Amino acid sequence: MVSLLMDASSELVHSLLPVFMSSVLGAGMVTIGVVEGIAEATASTTRVASGLVSDRIRRRKHLLILGYGIAALSKPMVPLASSIAWVMGARFIDRMGKGIRGAPRDALIADITSPALRGAAYGLRQGLDSFGAVLGPLLAIAFMAWFSNNIRAVLWVAVVPAVLAVGWLIVGVREGEPRRRHAAGGTRLALSELRLLDRHYWIVAALCATITLARFSEAFLVLRSVSVGVPIGLVPVIMIIMNVAYAAAAYPAGLAADRMSRRRIALGGLGVLVLADLILALASSATAVLLGGLCWGLHLALTQGFLSKLIADVAPAQLRGTAFGISSLLNGAALLAASFFAGLLWDQVGPAAPFAAGATIALAAALGTLALSPESPK
42 MVSLLMDASS ELVHSLLPVF MSSVLGAGMV TIGVVEGIAE ATASTTRVAS
92 GLVSDRIRRR KHLLILGYGI AALSKPMVPL ASSIAWVMGA RFIDRMGKGI
142 RGAPRDALIA DITSPALRGA AYGLRQGLDS FGAVLGPLLA IAFMAWFSNN
192 IRAVLWVAVV PAVLAVGWLI VGVREGEPRR RHAAGGTRLA LSELRLLDRH
242 YWIVAALCAT ITLARFSEAF LVLRSVSVGV PIGLVPVIMI IMNVAYAAAA
292 YPAGLAADRM SRRRIALGGL GVLVLADLIL ALASSATAVL LGGLCWGLHL
342 ALTQGFLSKL IADVAPAQLR GTAFGISSLL NGAALLAASF FAGLLWDQVG
392 PAAPFAAGAT IALAAALGTL ALSPESPK
């Protein structure tokens with residue numbers, strides 16, 4: 042529920058922010074790509090430290106409150122922004138909060154869930170998260186009509202669900218008694234423990250980063266809808282379609298990840314991403330863009346919970362937070378690079394170019410699945 046509420050807030054902002062930056066603040070596509078890339082890279086980098094700390098102190102909830110609280114405090118900064126630098130600062134703070142909460146949250150799910158149900162558990166969280174991501178753009182459309190396309194006024198609405206998310210977290214989330222610290226003891230980092238992250242973990246982490254490299258910021262989905270003539274008040278529809286598909290398929294995909302071979306799930310997710318990119322590259326109408334967004338959401342449903350399950354499966358229990366954090370760092374570096382080059386390709390070649398490049402990288406990522414055992418994760 043906390044994920045649902047915060048994602049409703051974040052996606053309300055995210056569905057309008059690219060248009061806000063380009064039409065209100067006059068930013069170019071490369072600038073938008075850099076802002077989004079830096080924001081997501083910040084989240085990924087922060088995850089390393091928060092994941093490590095959560096492993097040391099064995100108190101995940103404290104870090105969750107800090108992370109969600111910081112994100113909530115950043116929401117009013119966006120409608121107050123008068124420059125790209127201000128927006129970048131707001132996104133930086135928001136994503137820092139996301140980074141602080143991300144690895145401890147994923148580790149907490151693994152802590153309290155049996156291995157046989159991890160795929161379902163991550164799928165359920167992703168599904169509720171994505172339902173919030175549907176609600177956010179719906180609120181954006183409704184309030185854009187109410188406030189006569191006044192983007193700044195609509196962005197203020199995002200503050201409400203963010204505050205509710207923090208309140209729900211404080212009241213509703215329990216993690217039980219702190220777990221016994223492992224033999225290395227204390228709260229100091231023993232670098233020798235990182236050797237426990239064996240080659241199976243690094244193969245999974247590399248696959249995650251490669252898939253992220255093929256999937257740049259979703260801000261470009263919003264901009265692609267504008268490029269084919271979707272009215273500014275309706276551009277959040279692309280995010281709604283994407284997240285409806287994500288929300289509907291995430292839990293079934295999680296269940297499948299508990300039962301099917303790793304290779305089959307990975308190839309299926311990458312195949313859908315290639316299809317989404319090709320549709321978006323060739324799109325000349327709003328219908329085509331919406332179809333591409335739907336496929337993009339299906340790709341996320343097939344891959345995100347599955348990859349989280351893989352990391353949880355191959356990481357030692359005492360290093361789960363650290364393992365999620367390192368993987369997120371690699372993903373952040375990939376997303377920063379992907380978003381920068383997506384913006385560059387958009388400016389230099391055209392709106393179709395980033396999606397054509399994404400399809401090519403996704404095909405290359407499919408080769409990485411050959412490193413995964415075709416057998417069931419069990």
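Under this note's numbering, the sequence shown is numbered contiguously, ending at residue 419. Glycine residues also receive a C-beta, built at the ideal position from the N, C-alpha and C atoms. What you are looking at is a predicted structure, and each value in this text was computed from that prediction instead of being measured.
Residue 116: which of 204, 281, 340, 254 sits nearest, CA to CA?
Looking up residue 116 in the sequence shown gives position 75. Here the closest residue by C-alpha is 204.
Supposed contact pair residue 177 and residue 56 - C-beta distance, whole angstroms, cut 8 Å:
On the sequence shown, residue 56 is found 15 positions in, with the first residue counted as 1. On the sequence shown, residue 177 is found 136 positions in, with the first residue counted as 1. Contact holds; Cβ gap of about 6 Å.
Please classify residue 301: does DSSP put it in a helix, a strand, or coil?
Position 260 of the sequence shown holds residue 301. Residue state, collapsed to three classes: coil.
Return the CA-CA distance between residue 342 and residue 291, expressed in angstroms with no decimal places.
Stepping through the sequence shown from its first residue, residue 342 is reached at position 301. Stepping through the sequence shown from its first residue, residue 291 is reached at position 250. C-alpha separation (whole angstroms): 4 Å.
Rounded straight-line distance, which links the Cα of residue 359 to that of residue 51
The sequence position of residue 51 within the sequence shown is 10, counting from 1. The sequence position of residue 359 within the sequence shown is 318, counting from 1. Straight-line Cα distance between these residues: approximately 31 Å.
CB-CB length for residue 268 against residue 392, believed under 8 Å:
Position 227 of the sequence shown, counted from the first residue, corresponds to residue 268. Position 351 of the sequence shown, counted from the first residue, corresponds to residue 392. Confirmed, about 4 Å.
Please list the terminal residues of the continuous alpha helix (DSSP H) segment that includes residue 267.
Residue numbering aside, residue 267 sits at position 226 when the sequence shown is read from its first letter. Element bounds for residue 267: 260-268.
Less than 8 Å between the beta carbons of residue 169 and residue 128, yes or no?
To locate residue 169, count along the sequence shown from 1; it is residue 128. To locate residue 128, count along the sequence shown from 1; it is residue 87. Going by beta carbons, residue 169 and residue 128 fall outside the 8 Å limit.
Same chain only: Cβ atoms within 7 Å of residue 321, ignoring 5 sequence neighbours per side:
To locate residue 321, count along the sequence shown from 1; it is residue 280. Taken in chain order, the residues that qualify are 265, 330, 333, 396.
If I measure Cβ to Cβ from residue 7 and keep anything under 8 Å in the same chain, skipping five residues before and after, which residues do I get?
The question about residue 7 has no answer, for the chain in this structure spans 42 to 419.
On the DSSP letters alone, give me the boundaries of the alpha helix (DSSP H) that residue 389 sits inside.
The residue you call residue 389 lines up with position 348 of the sequence shown. Note, residue 389: alpha helix (DSSP H), 361-389.
Rounded to whole angstroms, what is the Cα-Cα separation between residue 138 and residue 100?
In the sequence shown, the residue the question calls residue 138 occupies position 97. In the sequence shown, the residue the question calls residue 100 occupies position 59. About 17 Å.
Spatial neighbours of residue 160 in its chain, beta-carbon cut-off 6 Å, leaving aside the 5 residues before and after:
By one-based count along the sequence shown, residue 160 stands at place 119. These residues qualify, in order along the chain: 295, 298, 299, 350.
Going by the CB atoms, is the gap between residue 263 and residue 279 shorter than 8 Å?
For the purposes of this step, residue 279 is taken as residue 238 along the sequence shown, with counting starting at 1. For the purposes of this step, residue 263 is taken as residue 222 along the sequence shown, with counting starting at 1. Yes, the Cβ-Cβ distance between residue 279 and residue 263 is below 8 Å.
Let me confirm a value: residue 59 is counted as buried when at least 16 other C-beta atoms fall within 10 Å, else exposed. Which label applies?
Here residue 59 refers to the residue found at position 18 when the sequence shown is read from its first residue. Looking at its Cβ environment, which holds 16 or more other Cβ atoms inside 10 Å, residue 59 is buried.
Separation of residue 313 from residue 345, as counted between CA atoms
Taking the first residue of the sequence shown as position 1, residue 345 is located at position 304. Taking the first residue of the sequence shown as position 1, residue 313 is located at position 272. For residue 345 and residue 313, the distance between alpha carbons rounds to 13 Å.
Pick helix, strand or coil for residue 400, following the three-state DSSP scheme.
On the sequence shown, position 359 is the one that residue 400 refers to. DSSP places residue 400 in helix when its eight states are reduced to three.
Inside the stretch 116-176 only - alpha helix (DSSP H) runs reaching at least 4 residues
125-153
If we call anything under 8 Å between Cβ atoms a contact, is residue 386 one with residue 198?
For the purposes of this step, residue 386 is taken as the residue at position 345 of the sequence shown. For the purposes of this step, residue 198 is taken as the residue at position 157 of the sequence shown. Cβ distance not < 8 Å, so residue 386 and residue 198 don't count as in contact.
Taking only three categories from DSSP, how would you classify residue 216?
Position 175 of the sequence shown, counted from the first residue, corresponds to residue 216. In the structure shown, residue 216 sits in coil (DSSP, three-state: anything other than H, G, I, E or B).
Look at residue 271 and residue 327 and say whether their C-beta atoms are less than 8 Å apart.
Start at 1 with the first residue of the sequence shown, and residue 271 comes out as number 230. Start at 1 with the first residue of the sequence shown, and residue 327 comes out as number 286. Cβ distance < 8 Å, so residue 271 and residue 327 count as in contact.
Bounding residues of the alpha helix (DSSP H) (the contiguous stretch that carries residue 355)
Along the sequence shown, read from residue 1 onward, the residue named residue 355 stands at position 314. Element bounds for residue 355: 327-355.
Could you tell me if residue 380 is buried or exposed, where buried requires 16 or more neighbouring beta carbons within 10 angstroms of its beta carbon?
In the sequence shown, the residue the question calls residue 380 occupies position 339. Buried, by the Cβ-count rule.
Does DSSP put residue 257 in a helix, a strand or coil?
Position 216 of the sequence shown holds residue 257. Residue state, collapsed to three classes: coil.
Taking 8 Å as the limit between beta carbons, can you name the residues of its chain near residue 404, skipping five residues before and five after?
Within the sequence shown, the letter at position 363 stands for residue 404. Taken in chain order, the residues that qualify are 311, 315.
Quick one: using the 10 Å Cβ neighbour count with 16 as the cut-off for buried, is residue 103 buried or exposed?
Counting from 1 along the sequence shown, the entry for residue 103 is found at position 62. Result: exposed.
Under a three-way DSSP split, which group does residue 307 fall into?
Within the sequence shown, residue 307 is the residue found at index 266, counting from 1. Annotated three-state conformation of residue 307 is helix, per DSSP.
In this structure, does DSSP put residue 224 in helix, strand or coil?
Reading the sequence shown from its first residue, position 183 is the one you call residue 224. Because the pLDDT of residue 224 is 39, which lies under 50, any placement of that residue in the model is unreliable, and the question is left without a value.
Under a three-way DSSP split, which group does residue 47 fall into?
Here residue 47 refers to the residue found at position 6 of the sequence shown. Note: residue 47 maps to helix in three-state DSSP.
What residue from 389, 340, 354 has the CA that sits closest to residue 400's CA?
Within the sequence shown, residue 400 is the residue found at index 359, counting from 1. For the residues 389, 340, 354, the minimum Cα distance to residue 400 belongs to 340.
Considering only C-alpha positions, which residue in the set 200, 150, 182, 357 is nearest to residue 238?
Within the sequence shown, numbered from 1, the residue matching residue 238 stands at position 197. When each option's Cα is compared against that of residue 238, the closest is 357.
Could you compute how far the alpha carbon of residue 188 sits from the alpha carbon of residue 196?
In the sequence shown, residue 188 corresponds to position 147, counting from 1. In the sequence shown, residue 196 corresponds to position 155, counting from 1. Between residue 188 and residue 196, the C-alpha separation is close to 11 Å.
Does the beta carbon of residue 207 sit closer than 8 Å to a beta carbon anywhere in chain D?
Protein chains in the displayed structure number just one, and chain D is not present.
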